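Enquirer: Mind looking over this structure? Questions follow.
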Amino acid sequence: MEQLKVESELKNTVENPDRMFNFQWHITDRCNLRCHHCYQSEYSQGASLDFLLAVAEKIINELKSRNYSTCINITGGEPLLDKPVLVSLLRFLNQSPVVQELMLITNGLLLNEDYLLELKKFSKLSTIKLSLEGATSQSNDLIRGKGTFNSILQKIKLIQLRHDFKTVVMFTLQKMNLPELELMLSLGEKLNLDGLILERFIPEGQGRGLKNLVLDKYDWENLLKKLIQYFDLDVAPEDLLPYKAFWIQFYPQFDILGAACNLNEALCIMPNGTLYPCRRFIYPLGNILQDGLWSVIEKSKLLQTVTKHDHLKGKCHSCFIDDCHGCRALCYSLFRDPYADDYQCFLK
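So for the sequence shown, UniProt numbering puts the first residue at 1; every next one is plus one.
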């Protein structure tokens, strides 16, 4: 492949003439796992169905007012924990013409034949995303818990057996599992995945004590060099700096797509309605019910400035790569300064 393609982090697979504004919506903090690197620190809060439907209606009305459509990634916590709530919310969203696509981010442990048959009723639910943190049970289970590796592999096969969902695995890169990158690529091909998402570890929530596992600039440069070599890309490592994650495609041809930062093109919604720039960028912007979507966006000094070089510090201030502004979530996590120099940038 001679030129890297660009995809949004919240990958929209539906052709749509309208403008898109996307969401990652955490409908609950409740979870049946306690992954060591998790960006959550609180696991008790779950929103009521009435509250979630009010948020859904707010999303739809605000987007409709400006002729926007949306792709929504629904997650938690673990969104499968309360089946009646999840099913009712999906039914509501599935009926709206504003909603172009729905995706589900889950640890997958509660998936079974009956649950999948229920989920198949929603035509706009296209993709189920699950997580693995290693290519073996030893490496994955050290982070996600004993037995989770084999369980997730079984769930992937179950989804693929008789169901129409795209199956995607998310792999969060940190120092412990970085050596397994090529093994993960081989595993993804073996599992016949529709996609493998490579994301970077941001130490928030339960993961704040694991800052030593964050990839440094040497790790990031070596990672990009490996990807260039593996996919025979005609680019230099610095050409890949604008991409904050990568989407590996296994068919119809083995390929890699760069995921550009989607600040100002998407937001994260928390169970209580709080809005973040993204889930790893834990900087409260306001509340969607109390403040409104467009009002929050238009009044946010952070959103207006944090992607502009003249507001950034260090190397980022004078960077020659126009469409790169570093990972602001990582800067805020490490330094509590969203405008700080990019920790993972290897440019001189």
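Note that the Cβ used here is the ideal one computed from N, Cα and C, for glycine as well. Here the structure is a predicted model, which means the values were calculated and not measured.
Roughly how many whole angstroms lie between the Cα atoms of E15 and T127?
Expert: For E15, the predicted structure reports a pLDDT of 38, less than 50, and the residue's modelled location is therefore unreliable. The matter cannot be settled from this model.
Enquirer: Measuring straight from C-alpha to C-alpha, what distance separates Y276 and V296?
Expert: 10 Å
Enquirer: How is Y343 classed by DSSP in three states: helix, strand or coil?
Expert: If DSSP states are grouped into helix, strand and coil, Y343 belongs with coil.
Enquirer: Assuming T28 contacts A47 (C-beta within less than 8 Å), just tell me the rounded distance between them.
Expert: 6 Å
Enquirer: Can E133 and N177 be called in contact, C-beta distance under 8 Å?
Expert: yes
Enquirer: List, from N- to C-terminal side, the alpha helix (DSSP H) runs of 4 residues or more that fit wholly inside the stretch 175-235.
Expert: Runs of the alpha helix (DSSP H) lying entirely within the stretch 175-235, each at least 4 residues long, are 181-190, 217-230 in chain order.
Enquirer: Report the three-state DSSP secondary structure of I297 (helix, strand or coil).
Expert: helix
Enquirer: Whose C-alpha, out of I282, S123, L302, is nearest the C-alpha of G207?
Expert: The shortest C-alpha to C-alpha distance from G207 to any of I282, S123, L302 is the one to I282.
Enquirer: Exposed or buried, which one is R328 when buried takes at least 16 other CB atoms within 10 Å?
Expert: That one is buried.
Enquirer: Contact between the stretch 33-43 and the stretch 190-198 is defined here as three or more beta-carbon pairs at a separation below 8 Å; is this criterion met?
Expert: no
Enquirer: Skipping 5 residues on each side, what residues in its chain have a beta carbon closer than 6 Å to that of G314?
Expert: If the five residues before and after G314 are omitted, its C-beta is found closer than 6 Å to the C-beta atoms of D341, all from its own chain and listed in chain order.
Enquirer: Helix, strand or coil: how does DSSP classify K129 here?
Expert: strand
Enquirer: Quick one: what does DSSP say A260 is sitting in, helix, strand or coil?
Expert: strand
Enquirer: Take E62 and list the residues in its own chain whose beta-carbon comes closer than 7 Å to its own, dropping the five residues that flank it on each side.
Expert: Apart from sequence neighbours up to five positions away, the residues of its chain that approach E62 with a beta-carbon distance below 7 Å are G292, L293, W294, ordered along the chain.
Enquirer: Just how far apart, CA to CA, sit W247 and D255?
Expert: Each residue's Cα considered, the two are about 8 Å apart.
Enquirer: Look at the alpha carbon of M184 and the alpha carbon of T136, and state the distance between them as a whole number of angstroms.
Expert: 9 Å
Enquirer: Who are the Cβ neighbours of Y68 in its own chain at under 6 Å, not counting the five residues just before and after it?
Expert: R19, F21
Enquirer: Tell me, please, which residues DSSP counts as bridged to G46.
Expert: T28
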